[in-house]
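Going by numbering that gives the first Met the number 0, the first residue of the sequence shown is number 0, and it counts up by one from there.
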Amino acid sequence: MLTITQDLHDQIVEHARRDHPDEACGVIAGPAGTGRPERFIPMLNAARSPTFYEFDSADLLKLYRELDDRDEDPVIIYHSHTATEAYPSRTDITYANEPGAHYVLVSTADTDGAGPFQFRSYRIVEGEVTEEDVQVV
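Right, dumping it as structure tokens:
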């Protein structure tokens with residue numbers, strides 16, 4: 000189960016709403032080894048696409064150096080889907096390379112960016128997708 004604060008949930012949804020019709024993406028970091036999401040890190044979708052997201056390689060390198068310096072893990076890796084439901088695509092599954100992370104998807108499809116939005120979380124390990132409950136506290 001993913002437990003996330005209302006504030007972090009709302010920041011992810013707001014980022015998805017703001018970037019619509021392009022996909023939004025980012026990371027929620029937390030203290031290493033705790034699995035606790037604490038720090039919101041919105042990223043730029045380098046693809047600037049309504050159907051695909053891509054972290055800029057320089058931004059990603061900077062992020063991982065910062066996580067290492069702060070002794071943090073990427074607890075949540077999130078992005079939005081603007082035309083489909085909040086379920087990982089084949090591309091999402093292929094690029095999921097953090098087996099300890101929660102992969103959060105927010106769907107802004109059929110909302111024109113106004114909401115309400117689907118907010119779902121998955122574990123993706125070696126290509127296997129498992130949906131998990133989300134508890135907002």
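By construction, the Cβ of each residue, glycine as well, lies at the ideal position given by its N, Cα and C atoms.
{"Item": "Cα-Cα separation between Pro36 and Gly126, rounded to whole angstroms", "Value": "23 Å"}
{"Item": "Selected residue, minimal CA-CA separation from Phe51, among Val128, Met0 and Ala23", "Value": "Ala23"}
{"Item": "Strand pairing of Leu7, partner residues [DSSP]", "Value": "BP columns for Leu7 are empty, so no partner."}
{"Item": "Reduced DSSP secondary structure (H/G/I, E/B, other) of Ala28", "Value": "strand"}
{"Item": "Cβ-based neighbour list, Asp132, same chain, cut-off 6 Å, excluding 5 preceding and 5 following", "Value": "Met0"}
{"Item": "Ala15 to Ala95 span [Cα, whole Å]", "Value": "19 Å"}
{"Item": "Cβ neighbour criterion (16 or more within 10 Å) applied to Thr107", "Value": "buried"}
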